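Structure first, then comments.
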Amino acid sequence: MAVSLQDWSKISFGSVRKEIQRLERRLKFLRNEVFTDAIIREERLLEQQLCDLFEREEIMAKQRSRIEWLKEGDRNTSFFHARASARRRTNKIKLLVRDDGSSCSESQGIKLMAEHFFKKLFTSEQCESVEEVLEAIPCKVDESINEELCRPTRMRK
């Protein structure tokens with residue numbers, strides 16, 4: 586019976602994750618194309634469909650969580666605390682590896698390493714050549730679009 590329900594679910598609703606991946610691939614493809622009205626409309630439609638699928642995925646996760654809670658815990662606070670403690674253990678950073686390959690497991694050292702990493706990440710270094718940066722940015726505006734954008738504006742009547 587469980588297999589039949591799974592088959593029915595896939596036929597009726599499809600695989601949400603697979604559909605999200607398919608839409609994300611299509612959206613990535615469209616964002617590399619030249620902008621036209623049709624592409625912009627399709628991009629907006631895909632973004633809306635993705636939002637709907639993300640919402641459906643979140644609802645499904647909440648439902649699974651609720652089912653798990655009812656099956657395992659049913660207002661059992663020890664169950665709740667065990668789940669929360671397991672989550673805390675999973676999320677805890679126990680060890681970081683330094684640039685030289687050595688490791689750090691003390692909480693103060695981990696804190697300092699994380700702080701140093703993010704300071705380095707969010708501070709800019711002096712750029713020698715602006716051309717290097719510009720070469721890394723893909724050109725989305727061709728010559729005809731550039732001429733259109735640089736043309737003086739006219740007042741409409």
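Every position in the sequence shown, counted from 1, becomes a number in the numbering used here once 585 is added.
For glycine and all other residues, C-beta sits at the position ideal for the given N, C-alpha and C.
All values derive from a computational prediction rather than experimental measurement.
- Annotation for residue 617: no alpha helix (DSSP H) segment contains it, and DSSP assigns it neither H nor E.
- Between the C-alpha atoms of residue 737 and residue 641 there is a straight-line separation of about 47 Å.
- A contact is defined here as three or more CB-CB pairs under 8 Å, and the stretch 625-641 meets this definition with respect to the stretch 606-613.
- In this structure residue 678 is not in contact with residue 638, their Cβ atoms being roughly 32 Å apart against a cut-off of 8 Å.
- Distance check between residue 617 and each of 693, 668, 723 places 723 closest, using alpha-carbon atoms only.
- The alpha-carbon separation between residue 623 and residue 599 amounts to approximately 27 Å.
- DSSP places residue 693 in the uninterrupted alpha helix (DSSP H) bounded by 692-707.
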